[in-house]
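Protein chains: 2
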Amino acid sequence: MARDNKKNKQDSIAQDIALKIQHEQYQPGNLLPSEHQLCDLYGSSRETIRKALDQLTELGLIQKIRGKGSLVLDIQRFSFPVSGITSFQELNKTLGMHATTEVLQKKDDIVPDVLAKGHVDFGRTALHIERLRKIDQIPIVLDEDYLLNPPITDVPDEAAAGSLYEYFEKSLGLDISYATKEITVEPVPERIASLLALNDNNLAVVVRSMTYLADTTPFQLTASYHRPDRFKFIDFARRRKISFN
Amino acid sequence: MARDNKKNKQDSIAQDIALKIQHEQYQPGNLLPSEHQLCDLYGSSRETIRKALDQLTELGLIQKIRGKGSLVLDIQRFSFPVSGITSFQELNKTLGMHATTEVLQKKDDIVPDVLAKGHVDFGRTALHIERLRKIDQIPIVLDEDYLLNPPITDVPDEAAAGSLYEYFEKSLGLDISYATKEITVEPVPERIASLLALNDNNLAVVVRSMTYLADTTPFQLTASYHRPDRFKFIDFARRRKISFN
DNA sequence: AAGTGGTCTAGACCACTCC
DNA sequence: GAGTGGTCTAGACCACTTT
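The listed protein sequences correspond, in order, to chains A and B.
Just so we're aligned: 53 in full-length UniProt numbering is position 53 of the first sequence, and the numbers increase by one with no gaps anywhere.
Just so we're aligned: 13 in full-length UniProt numbering is position 13 of the second sequence, and the numbers increase by one with no gaps anywhere.
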């Protein structure tokens, strides 16, 4: 699930067209109806249609070509959702894998300095949730989440075992907005290595992220340890027009 | 460098504000002038100002807060350019490191199947450029580029030693638009391992990418092999409003 | 010439924050 | 209430592709 926040027109239109692409009502290699036709279809102005199409462009679902139209791109379905902020649980649903989550810990702890660095004060405590994710019984990811209070006071066990994001957005009504993410490859402590059943070299892919609300409040720090042989990060990126030189 | 394509108003405004943020004329934690003030400042309509601010929002430079204003975010400078399509050469300039590029090969070759898969026909030939990137004499990245003809017929040696992107955009006038990228960790062949001076385990971070022009023509396939101990990928991502369930 | 997307405008109304 | 951003509109003019 995650965000049915499509209250406004442009978001509803974007969502609707996205679904039609997903269900191949609009197919890769074909053009969407022209903006003018979409105006009639949805009964809205052209700028609103264009804002909806901008969202699809940003996602990599379409490419607009001047004089021609909006081309539906051929992005393999398994590469969605790409990049962005997406939880294991959501990804799981989308890809239809059989995954389980085991909650190993849930208690207040001091945020490790490596995670806190540059984001929150050192020595701050937070609700620490440790979860081991398995696919077909094989451990794939170990998630170490640190949830800041405020805005998060407690997390029910069911939410920890399921999707934290869904709980935050749906139950708490938090407005999750953006995140910074850093991917490295590092040797990890023995405990983590054994949980993930790593080889002798103890190398894991470490994804550290900081997630913020719309009002810029940081609320979640995460370190995810991935088995290197099962790790895959897929990204779609557009060339930006802004340069910094 | 790269793309001074800021011919239109919204891009110029976005670029101008971005530079003012970079030079701390607008500082993290402070608000930008209001949209109304920016209208006066740049002599444009509010929607145009808003489109410029949208670009900055997408980049992670600002966060808009309703009723308050546009807050300049505190993204450490070393994390720019974030994500997106950014070449080694550009990154190098931005970070001011001392790096060298050694061109090992430049000849026509068949595109390896792993790279071609899902993007171009198997068995297709392309201009293969192999480059070893070093920082302070230490090998960091091995780039295997395959450039498709058309649109690329040849690449001068100077361009290969410098920035391919700069050559494509500035000299050839190509309109680079988007790319898909995939990051994995894999054991690599002995030759690559020795070029990168890897440990006994021969593990490297492999970034495979496919880059497209604005007219959706694929033109560049790349496999980059990174030393795991020097690899770092930094990303800024916004929560999307479109869901696929 | 007709149809497409690209850009910009001036204005309207709303929701939220702050005083 | 005044100021902020969020959304939407109707229309204009331009650049490009197609026939």
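Here a beta-carbon is modelled for each residue, glycine too, at the ideal position from N, C-alpha and C.
Note that this is a predicted model, so its numbers are computed, not measured.
Between the stretch 64-75 of chain A and the stretch 111-118 of chain A there are fewer than three C-beta pairs closer than 8 Å, too few to call the two in contact. Close to Glu190 (chain B), with beta-carbon spacing below 7 Å, lies no residue of chain A; the smallest spacing is near 18 Å.
A Cβ of chain A is located within less than 8 Å of the beta carbon of Phe233 (chain B). Every beta strand (DSSP E) stretch that sits fully inside the stretch 154-195 of chain A and reaches 3 residues is listed by chain position as 176-187. Along the UniProt domain "HTH gntR-type" (7-75) of chain B, the alpha helix (DSSP H) occurs as fully enclosed runs of 4 or more residues at 9-22, 35-42, 46-59, listed in sequence order.
In the DSSP annotation of this structure, the continuous segment of the beta strand (DSSP E) that includes Leu104 (chain A) starts and ends at 99-110. Listed in chain order, the non-local C-beta contacts of Ala159 (chain B) below 8 Å within the same chain comprise Glu166, Tyr167, Ser171, local neighbours out to five positions each way being set aside. In chain order, Ile65 make up the part of chain A whose C-beta sits under 7 Å from the C-beta of Asp215 (chain B).
One alpha carbon belongs to Pro187 (chain B), the other to Tyr225 (chain B), and they sit about 10 Å apart. Between Phe231 (chain A) and Val206 (chain A), the CB-CB gap reaches or exceeds 8 Å. Counting along the chain, Ala116 (chain B) sits inside the alpha helix (DSSP H) bounded by residues 113-116. Contact annotation for Glu182 (chain B) against chain A: Lys232, Phe233, Ile234, Asp235 [CB-CB distance below 8 Å, chain order]. The Cβ atoms of Asp143 (chain B) and Arg131 (chain B) sit closer than 8 Å to each other. In the DSSP assignment, the residues bridged to Phe233 (chain A) are B:Ile183.
Going by C-alpha positions, Leu127 (chain B) is about 5 Å away from Tyr146 (chain B). About 5 Å separates the Cβ atoms of Pro139 (chain A) and Leu196 (chain A), confirming a contact at the 8 Å cut-off. When the five nearest sequence neighbours on each side are left out, the beta carbons in the same chain lying within less than 8 Å of the beta carbon of Ile13 (chain B) are those of Leu38, Tyr42, Ser44, Thr48, Ile49, Ala52, in order along the chain. Within the same chain, Lys106, Leu127, Ile129, Leu147, Leu164, Tyr167 come within 8 Å of Val155 (chain A) by CB-CB distance, once the 5 residues on both sides are set aside. Close CB contacts of Ala161 (chain A) within its chain, under the 7 Å cut and outside five residues either way in sequence, are with Thr101, Val103 (chain order).
Taking a contact as a CB-CB distance under 8 Å, the pair Ile62 (chain A) and Leu56 (chain A) counts as one, their CB atoms being some 5 Å apart.
When only Cα atoms are considered, Leu213 (chain A) and Thr153 (chain A) end up about 15 Å apart.
Nearest in C-alpha terms to Met210 (chain A), of all of A:Arg240, A:Phe233, A:Ser177, is A:Ser177. Where Val205 (chain A) is concerned, the enclosing beta strand (DSSP E) starts and stops at 203-213. Identification of residues in the stretch 115-147 of chain A having a C-beta nearer than 8 Å to some C-beta of chain B yields Gly118, given in sequence order. Restricting attention to B:Asp229, B:Pro218, B:Ala179, the CA atom closest to the CA of Arg124 (chain B) is found in B:Pro218. Secondary structure note for Ser224 (chain B): its beta strand (DSSP E) is the uninterrupted segment 218-226. Between the alpha carbons of Glu190 (chain B) and Lys134 (chain B) lies a gap of roughly 19 Å. In its chain, beyond the 5 residues on either side, Val205, Val207, Phe233 have a beta carbon closer than 7 Å to the beta carbon of Ile183 (chain B). Going by C-alpha positions, Leu174 (chain B) is about 23 Å away from Gly118 (chain B). Cβ-Cβ distances below 7 Å link Gln27 (chain A) to Val72 in the same chain, with the five nearest sequence neighbours on each side left out; the list follows chain order.
In the three-state DSSP reduction, Arg238 (chain B) falls in the strand class (E or B).
Note on Glu24 (chain B): under 16 other CB atoms within 10 angstroms of its CB, so exposed under the neighbour-count rule.
Lys181 (chain A) is classed as buried because its beta carbon has at least 16 other beta carbons within 10 Å across all chains shown.
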